[in-house]
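S.K.: Can you read through this structure? Questions will come right after.
There are 2 protein chains.
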Amino acid sequence: MRGATLKDVAKAADVSIASASRAINGLDNVKEDLRRRVLEAASKLRYVPHGGARSLATNRTNTIGVILPDIYGEFFSEIIRGIDFAARARGLHILVSGSHGDLQEAVSAVRAMVGRVDGILVMSPFVDSQDLVAVLPLNLPLVTISSSIGDEFNGAISIDNYGGGQIAAGHLIEIGCKNIGHVCGPTSNFEACERKRGFFDRASDAGLEVPNIFEGDFSEESGYQAGIYFAKAKNRPDGIFVANDMMAVGCLMALADQGVNVPNDIAIIGFDDIPIARFTAPTLTTLNVGVYEIGTRSLDLLANGIENDDGTIGPGFKIEPELVARKSTAKGAN
Amino acid sequence: MRGATLKDVAKAADVSIASASRAINGLDNVKEDLRRRVLEAASKLRYVPHGGARSLATNRTNTIGVILPDIYGEFFSEIIRGIDFAARARGLHILVSGSHGDLQEAVSAVRAMVGRVDGILVMSPFVDSQDLVAVLPLNLPLVTISSSIGDEFNGAISIDNYGGGQIAAGHLIEIGCKNIGHVCGPTSNFEACERKRGFFDRASDAGLEVPNIFEGDFSEESGYQAGIYFAKAKNRPDGIFVANDMMAVGCLMALADQGVNVPNDIAIIGFDDIPIARFTAPTLTTLNVGVYEIGTRSLDLLANGIENDDGTIGPGFKIEPELVARKSTAKGAN
DNA sequence: CATGTAAATGTAAGCGCTTACATTTTGGGA
DNA sequence: TCCCAAAATGTAAGCGCTTACATTTACATG
């Protein structure tokens with residue numbers, strides 16, 4: 051059932067196990083003849099080094115653990131793409147896990163990764179994420195993305211959600227909306243709260259109320275529900291800030307189904323700028339946060355920290371969302 | 051630098067390391083008092099078991115290796131979603147790796163996984179994938195998806211690409227196309243070849259030639275190029291089979307940019323039915339292969355095999371694509 | 001109270017590898 | 001030819017854990 055081990059190879063090549071190890075790993079202090087014999091034996095036996103054992107001996111796994119709320123979908127997929135790219139560039143592998151929006155799952159995912167990874171990259175947008183780091187073994191290099199446990203320690207990457215909410219409100223006001231609505235994310239979500247807060251604050255600065263709010267869960271489906279709700283609302287808004295693009299996509303579909311014109315009847319602005327935002331009808335105005343770059347930069351931050359002997363992670367950073375104006379808020383244009 | 055070990059816990063609780071292990075793992079042959087002491091010491095020391103060491107001792111990692119051409123994007127992301135779902139249901143973790151369209155990378159990814167996973171799920175649509183299994187340690191449970199090394203052994207999951215190509219041609223013919231074109235995938239890709247072959251055979255059955263072909267690489271970008279090419283072709287086709295949805299999306303954009311009406315000037319049919327196909331303008335006619343189910347079913351096949359003591363994988367299966375007719379081939383409608 | 005048995009705990013080997021250190025081999029210079 | 005440093009190879013400890021087996025403890029029975 052098990053494959054050949056180094057011991058088998060050593061025996062077949064009639065050398066000590068240490069020499070076999072050296073030969074296989076390409077150390078330079080082995081004679082060519084010995085190396086040849088070992089390599090021959092290895093390929094004859096179809097020997098493949100046992101990564102787990104090697105890691106145990108070297109205390110290095112060359113693997114990074116990645117924990118995201120989900121590991122698929124436009125948004126997370128794009129983060130993973132960034133992580134993957136940066137990891138490949140460094141010869142690192144990634145062990146991914148989805149927490150499915152549940153803090154306990156995130157915690158158990160982290161624990162399961164101990165001893166299998168050199169460090170962990172976690173995105174845990176729960177308001178009470180500090181439980182996560184509390185249960186961690188000390189000394190495990192950790193970088194957090196968009197987690198409420200932000201500023202307490204290094205290695206925190208965050209998005210300026212509050213600022214983004216303000217920009218969204220500002221944009222709607224600028225294009226002339228007088229009655230703005232909001233599709234927010236779940237209240238248990240740290241980021242959703244911040245976006246909402248920024249949106250409200252900017253609106254109130256302009257003397258506007260936000261009478262209509264719909265709470266979604268960041269899924270396309272809930273965005274669709276929101277669209278229905280707003281299409282039928284008695285005091286129908288003329289502009290809506292949807293807290294993420296996936297919901298905005300659902301919203302767009304619902305509004306189309308209800309015969310509401312976007313942007314002329316209702317303008318829509320999303321958040322994230324996921325790839326699909328360029329393909330919707332109409333194309334979606336949104337806030338770009340550099341999803342891909344979040345992936346690459348967070349991986350780099352973590353990997354650099356791991357390479358430091360003291361294992362300390364460098365300072366994180368905060369991302370400022372940038373408005374990408376597309377058709378879904380281009381009122382009057384054609 | 052390292053965290054607490056079981057030895058530390060045992061010492062702190064003043065018990066033997068074996069007892070500590072039993073207490074931590076919840077075996078029933080430990081006195082309550084001893085267990086309490088151990089658990090207390092463990093939490094005080096913030097002990098988290100070392101997964102790697104445990105795996106080495108038990109010869110079980112509870113992890114599945116997943117190797118896909120890429121680990122992001124609509125198509126692969128959807129497969130991963132399926133895999134993730136099925137894995138979670140069984141308490142398994144997944145170690146993912148992208149081969150980036152390169153067979154050698156796939157091979158090295160597999161080797162890097164040996165000793166870290168209980169089995170491997172690999173999608174390797176290269177015409178010469180047999181190199182992959184040749185280099186593998188025997189006895190490593192393996193399930194292949196859409197790989198040319200199909201029928202030789204159990205655990206092969208494939209798509210009836212040839213049949214799908216035929217369906218695509220049949221559909222275009224049925225809606226009245228007289229001059230059909232094809233955007234194929236790279237010739238090094240096993241699946242692309244089969245889709246093309248099916249498409250051609252069915253066309254020729256109907257007495258049609260396929261004068262215009264454009265070779266893409268499955269990316270949206272190359273689909274866009276294809277769209278430009280066809281829009282300007284002297285003998286412009288009235289229907290095109292694009293070998294995957296991602297390229298079809300790019301194609302749709304290019305045709306729109308060129309002022310070509312889809313479906314009336316040119317009908318477009320894709321392949322895969324990725325989620326985005328429902329959102330394009332016009333919505334995309336395509337062939338559904340149950341991407342999500344490919345993920346769940348392949349994981350189940352592999353996991354069941356691993357649970358067999360002899361580690362043999364059960365028989366695989368072949369998926370028959372199903373036509374999903376949407377607007378991009380609805381000629382004349384509206 | 002001696003005794004046998006089951007339950008609780010301890011001892012130590014081993015999972016497959018790396019690596020410090022010990023030992024042997026090699027080869028150039030005197 | 002002999003000697004010695006450097007190079008090549010071997011020995012063995014250990015990475016953190018599980019687990020077979022040995023030992024001790026607890027307890028009911030005659």
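One line per chain: the protein sequences are A and B, in this order. Using the working numbering, you'd call the opening residue of the first sequence number 51 and step up by one each time. Using the working numbering, you'd call the opening residue of the second sequence number 51 and step up by one each time. Every residue gets a Cβ at the ideal spot worked out from N, C-alpha and C, and that includes glycine.
#1: Which residues in chain A have a C-beta closer than 9 Å to the C-beta of MET173 (chain B)? List them in chain order.
#2: Please list, in chain order, the chain B residues whose beta carbon lies closer than 9 Å to that of ILE326 (chain A).
#3: Run the CB neighbour count on PHE367 (chain A), radius 10 Å, all protein chains shown included, and call it buried at 16 or more, exposed below.
#4: If you pair each beta-carbon of the segment 90 to 102 of chain A with each one of the segment 114 to 122 of chain A, do three or more pairs fall below 8 Å?
#5: Starting from THR111 (chain A), find everything on chain B with Cβ-Cβ shorter than 9 Å and list it in chain order.
#6: Could you round the C-beta distance between PHE249 (chain B) and ALA276 (chain B) to whole angstroms and report it? I think they count as a contact, below 8 Å.
#7: Flag this pair as yes or no: are the beta carbons of SER348 (chain A) and ILE144 (chain A) separated by less than 8 Å?
#8: Whole-angstrom Cβ separation of ALA62 (chain B) and LEU106 (chain B), contact assumed at under 8 Å?
#9: Using a Cβ-Cβ distance cut-off of 8 Å, determine whether VAL98 (chain A) contacts chain B.
#10: Could you list the residues in the segment 272 to 301 of chain B with a C-beta less than 7 Å from some C-beta on chain A, going in chain order?
#11: Would you say ASN189 (chain B) lies against chain A (beta-carbon separation less than 8 Å)?
#12: With DSSP run on the structure shown, which of helix, strand or coil describes SER196 (chain B)?
#13: Pull the bridge partners of LEU145 (chain B) from the DSSP assignment, please.
#14: Please go through the same chain and pick out, in chain order, the residues whose beta-carbon is closer than 7 Å to the beta-carbon of ASN189 (chain B), but skip the five residues on each side of it.
#15: Assuming the contact rule is C-beta atoms closer than 8 Å, HIS150 (chain A) and PRO119 (chain A) should be a hit. Round their C-beta distance to whole Å, please.
#16: Between SER148 (chain B) and chain A, is any beta-carbon pair separated by less than 8 Å?
#17: In chain A, what lies closer than 7 Å to ALA162 (chain B) by C-beta?
#18: So for ASN314 (chain A), helix, strand or coil by DSSP?
#19: So, at 6 Å on beta carbons, what are the nonlocal neighbours of THR333 (chain B) in its own chain, with the 5 sequence-adjacent residues on each side left out?
#20: What first and last residue would you give for the alpha helix (DSSP H) that runs through CYS243 (chain B)?
#21: Measuring only the C-alpha atoms, how far is GLY215 (chain B) from GLU244 (chain B)?
#22: Output yes if chain A places a C-beta closer than 8 Å to the C-beta of SER127 (chain B); else output no.
#23: Excluding the 5 residues preceding and the 5 following ILE356 (chain B) in the sequence, name in chain order all residues of the same chain whose CB lies nearer than 6 Å to its CB.
#24: Answer with yes or no whether the minimum CB distance from ARG140 (chain B) to chain A is below 8 Å.
#25: Since ARG131 (chain B) meets chain A, which of its residues come closer than 7 Å, beta carbon to beta carbon?
#26: Among the candidates B:ILE225, B:THR55, B:ASN211, whose CA atom is the shortest distance from the CA of GLY235 (chain B)?
#27: ASN354 (chain A) lies in the beta strand (DSSP E); which residues open and close that run?
#28: By how many angstroms is the C-alpha of GLY345 (chain A) removed from the C-alpha of ILE290 (chain A)?
#29: Using a 10 Å radius around the Cβ and a threshold of 16 neighbouring Cβ atoms, would you call LEU77 (chain B) buried or exposed?
#30: Let me see if you follow: with CB-CB separation under 8 Å, is ASP307 (chain A) close to chain B or not?
#31: With distances taken Cα to Cα, identify the nearest neighbour of ALA283 (chain B) among B:ARG87, B:VAL374, B:VAL310.
#32: Between the segment 256 to 272 of chain B and the segment 311 to 329 of chain B, are three or more C-beta pairs nearer than 8 Å?
#33: Find the residues of chain A that neighbour GLY340 (chain B), judging by a C-beta separation of less than 7 Å, and give them in chain order.
#34: Write down every uninterrupted run of the beta strand (DSSP E) in the segment 266 to 324 of chain A whose length is 3 residues or greater and which is fully enclosed by it, in chain order.
#35: Using the DSSP secondary-structure output, state which residues sit across from THR335 (chain B) in a beta bridge.
#36: Buried or exposed: where does MET51 (chain A) fall if 16 or more other Cβ atoms within 10 Å of its Cβ makes it buried?
M.R.: So, to answer that:
#1: Correct list: empty, because the minimum Cβ distance to chain A is about 15 Å.
#2: GLU124, PRO325, ILE326, PHE329
#3: exposed
#4: no
#5: Here the neighbours are GLY102, ARG166.
#6: Contact flag wrong, Cβ pair sits at about 15 Å.
#7: no
#8: In fact, because the Cβ distance is near 24 Å, the residues do not count as touching under 8 Å.
#9: yes
#10: VAL299
#11: yes
#12: coil
#13: A:LEU145, B:GLY115
#14: Cβ contact annotation for ASN189 (chain B) (same chain, cutoff 7 Å, sequence separation greater than five): GLY361, in chain order.
#15: Right, the Cβ-Cβ distance comes to about 7 Å (below 8 Å), so this counts as a contact.
#16: The amino acid at residue 148 (chain B) is misidentified as Ser; the sequence shows Gly. Chain A contact via Cβ: present.
#17: Here the neighbours are GLY101, HIS143.
#18: coil
#19: ARG376, LYS377
#20: Residue range 240 to 255 is occupied by the alpha helix (DSSP H) that includes CYS243 (chain B).
#21: One C-alpha to the other measures close to 7 Å.
#22: By this cut-off, SER127 (chain B) is an interface position.
#23: ASP168, GLY169, PRO191
#24: no
#25: Around ARG131 (chain B), the beta-carbon contacts reaching into chain A at under 7 Å are TYR122.
#26: Taking only the C-alpha atoms, the option nearest GLY235 (chain B) is B:ASN211.
#27: Segment 341 to 357 is the alpha helix (DSSP H) holding ASN354 (chain A); no beta strand (DSSP E) there.
#28: 29 Å
#29: exposed
#30: no
#31: B:VAL310
#32: no
#33: Within chain A, no residue comes near GLY340 (chain B); the closest Cβ sits about 15 Å away, beyond 7 Å.
#34: 289 to 292, 317 to 319
#35: Answer is B:ILE319, bridged to THR335 (chain B).
#36: Residue confidence for MET51 (chain A) is low, a pLDDT of 43 falling below 50, so the modelled location carries little weight; the figure read from the coordinates is stated next. Its Cβ having fewer than 16 others within 10 Å, MET51 (chain A) is exposed.
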